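Position one of the sequence shown corresponds to residue 1 (full-length UniProt numbering), numbered consecutively onward. Beta carbons: idealized from backbone N, C-alpha and C, even for Gly. Since the structure is predicted, the reported quantities are computational estimates derived from the model, not experimental observations. Worksheet for the structure shown next.
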Amino acid sequence: MGGTGQVRRYRAAVGSASSMSGAARQGSGVCRYHMRTGATSLSSSSMAEKKPAAKKRGRPAVHRTPRKEEILETAARLFADEGYNSVSLQDIADAVGLSKTALYHYFDRKETILGTIVVTTVKELSEFVERAVAAHQSPQDRLAAFLEAQAEFFEQHQASFQVLLTRFANLREPKMRDIAVEWRVNYENTIRNIVHEGVTAGVFNAGSPNAVVRMVISSVYWLARWYRPSGKQTSREIAREYAEIILHGIVK
Numbered sequence: 001m002g003g004t005g006q007v008r009r010y011r012a013a014v015g016s017a018s019s020m021s022g023a024a025r026q027g028s029g030v031c032r033y034h035m036r037t038g039a040t041s042l043s044s045s046s047m048a049e050k051k052p053a054a055k056k057r058g059r060p061a062v063h064r065t066p067r068k069e070e071i072l073e074t075a076a077r078l079f080a081d082e083g084y085n086s087v088s089l090q091d092i093a094d095a096v097g098l099s100k101t102a103l104y105h106y107f108d109r110k111e112t113i114l115g116t117i118v119v120t121t122v123k124e125l126s127e128f129v130e131r132a133v134a135a136h137q138s139p140q141d142r143l144a145a146f147l148e149a150q151a152e153f154f155e156q157h158q159a160s161f162q163v164l165l166t167r168f169a170n171l172r173e174p175k176m177r178d179i180a181v182e183w184r185v186n187y188e189n190t191i192r193n194i195v196h197e198g199v200t201a202g203v204f205n206a207g208s209p210n211a212v213v214r215m216v217i218s219s220v221y222w223l224a225r226w227y228r229p230s231g232k233q234t235s236r237e238i239a240r241e242y243a244e245i246i247l248h249g250i251v252k
């Protein structure tokens, strides 16, 4: 993934496209029995089982002005609340107090706004969970950290996270889509690496590591669909419970 070529493509896609614009109990959970359940990832792409790839680091964020940030945040909220197909450029312009002509100074098409939201969100999600996982040593703690970080990111970026989940597969701009896919693979490889490390170390006995990967990722994706901030638990607390179930199972 990534590297100098990826950074150039990322800048080209986002910049020029918008120039107009604790430890698991021994013998239980994943540590005991084979996981047989799976779930879908944020796209319909196949997650063929493979040895985790090395991750690239140090990719700088694309420069975005405060006005662009406002437009992207407003558009994400509108897309999440009203549905992408129901929102026009004029709606976005009105919501940020710009004329449609002035909006063209920042983004020339609605598809470019969508692509920028999706690419930025999956990139920031990947980096966020990677930092959280790096603070822990054992595979058990790293798996729990991944889940909690994913839930925390969702709670902090609910609108853009919803757009990521619902519109990822609909990206039309090839460069944007390619970059988004690369960041998604980087994000998925973080949890894939953890499961691989746990199996190698003998603390996870997962008959199908790939099924565990899908389960971990999908658990918070579904949380994003039903979670309400007014509830009794934070998303992070719910994710911590998910981690306990995945690591220890539900059998007493």
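Check	Outcome
Buried or exposed (CB count within 10 angstroms, at least 16 for buried), A149	buried
Of the residues L147, K232, V181 and G202, the one placed nearest Y242, counting alpha carbons only	L147
Endpoints, the alpha helix (DSSP H) within which G202 is located	Counting along the chain, G202 falls outside any alpha helix (DSSP H), and DSSP gives it neither H nor E.
Proximity of residue 271 and P139 at Cβ, strictly below 8 Å	An answer regarding residue 271 cannot be provided, because it is not within the stretch 1 to 252 covered by the chain.
Pick from G198, L72 and E70 that is closest to Q137, judged by C-alpha positions	G198
Any alpha helix (DSSP H) of 4 or more consecutive residues that is wholly inside the stretch 156-232	158-167, 174-201 and 209-226
Where T120 sits in the DSSP three-state scheme	helix
Boundaries (first-last residue) of the alpha helix (DSSP H) holding Q90	L89 to V96
Unbroken alpha helix (DSSP H) run spanning R77, endpoints	P66 to E82
Cβ-based neighbour list, I238, same chain, cut-off 8 Å, excluding 5 preceding and 5 following	A151, L223 and Y227
Whether A159 touches R77 by CB criterion (8 Å)	yes
I117 vs I92 beta-carbon contact at 8 Å	no
When Y187, E244 and L72 are compared against F153, the one with the closest alpha-carbon	Y187
Between the CA atoms of A132 and V181 - distance to the nearest angstrom	21 Å
I191 and V216 closer than 8 Å at C-beta	yes
Spatial distance of A75 from G207 (CA atoms)	43 Å
Best match in R167, R172 and V195 for proximity to P209 [C-alpha to C-alpha]	V195
Whole-number beta carbon distance between L103 and L125, since they are thought to touch under 8 Å	27 Å between Cβ atoms; not a contact.
Beta-carbon proximity check, E69 vs E111, cutoff 8 Å	no
Sequence-distant residues of its chain with Cβ nearer than 6 Å to T234 (five each side left out)	none
Whole-angstrom C-beta distance between Y84 and R177, which should lie under 8 Å	Not quite, the Cβ-Cβ distance comes to about 15 Å (not below 8 Å), so this is no contact.
Rounded separation between V185 and L72 - CA only	24 Å
Burial state of N189, where buried means 16 or more other Cβ atoms lie within 10 Å	buried
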